[in-house]
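To start, the structure itself, in structure tokens.
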Amino acid sequence: MIKYRTLGFVNTKDMFAVAVKEEFAVPAYNFNNMEQLQAIVMGCLETQSPVIIQVSKGARDYADRTLLSYMAQGAVEMMKREAKARKISEIPIALHLDHGDSLETCISCIESGFSSVMIDGSHLPHQENAELTREVVEYAHKYDITVEGEIGVLAGVEDDVSSLTHTYTEPEDVQDFVSRTGVDSLAIAIGTSHGAFKFKPGQKPEIRLDILHEIEKRIPGFPIVLHGSSSVPQDAVETINKNGGKLKDSIGIPEDQLRNAARSAVCKINIDSDGRLVMTAKIREIFSQKPAEFDPRKYLGPARDALREMYMRKNREVLGSADRAAAILALAGR
Numbered sequence: 222m223i224k225y226r227t228l229g230f231v232n233t234k235d236m237f238a239v240a241v242k243e244e245f246a247v248p249a250y251n252f253n254n255m256e257q258l259q260a261i262v263m264g265c266l267e268t269q270s271p272v273i274i275q276v277s278k279g280a281r282d283y284a285d286r287t288l289l290s291y292m293a294q295g296a297v298e299m300m301k302r303e304a305k306a307r308k309i310s311e312i313p314i315a316l317h318l319d320h321g322d323s324l325e326t327c328i329s330c331i332e333s334g335f336s337s338v339m340i341d342g343s344h345l346p347h348q349e350n351a352e353l354t355r356e357v358v359e360y361a362h363k364y365d366i367t368v369e370g371e372i373g374v375l376a377g378v379e380d381d382v383s384s385l386t387h388t389y390t391e392p393e394d395v396q397d398f399v400s401r402t403g404v405d406s407l408a409i410a411i412g413t414s415h416g417a418f419k420f421k422p423g424q425k426p427e428i429r430l431d432i433l434h435e436i437e438k439r440i441p442g443f444p445i446v447l448h449g450s451s452s453v454p455q456d457a458v459e460t461i462n463k464n465g466g467k468l469k470d471s472i473g474i475p476e477d478q479l480r481n482a483a484r485s486a487v488c489k490i491n492i493d494s495d496g497r498l499v500m501t502a503k504i505r506e507i508f509s510q511k512p513a514e515f516d517p518r519k520y521l522g523p524a525r526d527a528l529r530e531m532y533m534r535k536n537r538e539v540l541g542s543a544d545r546a547a548a549i550l551a552l553a554g555r
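What follows is the structure in structure tokens.
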């Protein structure tokens, strides 16, 4: 077994404790390749934000589980080197499994150096979801790994996660689920959705903050997670379509609503599709302007830079996580 601390990662306990107290959300950004990972880590280092780098089951299958673990370890080393060179503080980084589908998948990630895992049993009946989540918690806590569970179902499609319907989390279910499972954080469904196609033009996107506040009352101070929280930047969509793309009209989650959620018990917000859109927009733009270009560094490099800028803005303006790294490291005694 590879222990996550030897790779330079932290689990999410101290992150969430500070986030709840200081009313911000830790960014949880997904990566599938080197450029995405570089952009995430460097954008968060520059803004002095803690970060959770996420890997879905689909990403592990795409990039190879061993390669991904070493990439993540390399990102920590890159962060430390850059922090020393710039004479700035290091930042806490957690490596998290996003939407684990089984106990076996979670065990595989824990044994390869992940510091946090999610077990998604939200498609199961409440009782079965609780039993599966408890199994993962019992295994993970032996190795000081934090566990995220989920109740309620988000609509949309993202990697291996797909649902045509949305089922809001029932506030009366959360106390029972948390107490029976021992889970460390809980993903809820209050109107966010997976993928880039969340709302159609003319629809009023609105997350159910009333459900969130009722859940807060029932499990005060408990870390809450929002999945499917991309805002679908319209400039990126327009750039993609202007340069040969054919994305359908779509509207994401308004950033002001996410900021309001981050001021509550929501201390982890997942953002994936926005990064895909921004990266694709820059690559399509370069291909359109320079059709003879074939060096991957000449289009993936600018795409990485665009991603980094987006993550920095999200940290500062949406999640409120900029300049929060020091408080987390202080709590951890580092």
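In the numbering used here, each residue's number is its place in the sequence shown (first place is 1) plus 221. Beta carbons: idealized from backbone N, C-alpha and C, even for Gly.
{"Asked": "Closest Cα partner of L288 within the set A260, S310, F252, E267", "Found": "F252"}
{"Asked": "Environment of P517 [buried if 16+ CB atoms lie within 10 Å]", "Found": "exposed"}
{"Asked": "Inter-residue Cα distance where the pair is V378 and L468", "Found": "Any answer about V378 is weak, because its pLDDT of 43 lies below 50 and its placement is not dependable; what the coordinates show is given next. Rounded to whole angstroms, V378 to L468 spans 15 Å at the Cα level."}
{"Asked": "Distance, L498 Cα to I461 Cα", "Found": "8 Å"}
{"Asked": "Rounded separation between R226 and K511 - CA only", "Found": "44 Å"}
{"Asked": "Start and end residues, beta strand (DSSP E) containing G321", "Found": "314-321"}
{"Asked": "Helix, strand or coil at V404 [DSSP, three-state]", "Found": "coil"}
{"Asked": "Burial state of A249 (16 or more Cβ within 10 Å)", "Found": "buried"}
{"Asked": "Endpoints, the beta strand (DSSP E) within which T367 is located", "Found": "367-372"}
{"Asked": "L407 to E427 span [Cα, whole Å]", "Found": "20 Å"}
{"Asked": "When A306, G342, I309, V539 are compared against Q478, the one with the closest alpha-carbon", "Found": "V539"}
{"Asked": "For A361, the three-state DSSP class (helix, strand or coil)", "Found": "helix"}
{"Asked": "Beta-carbon separation (whole angstroms), D405 vs H347, contact threshold 8 Å", "Found": "With 8 Å as the limit, D405 and H347 do not qualify as a contact, their Cβ atoms being about 19 Å apart."}
{"Asked": "Delimiting residues of the alpha helix (DSSP H) encompassing K305", "Found": "286-307"}
{"Asked": "Test item: CB-CB of A483 and F237 under 7 Å", "Found": "no"}
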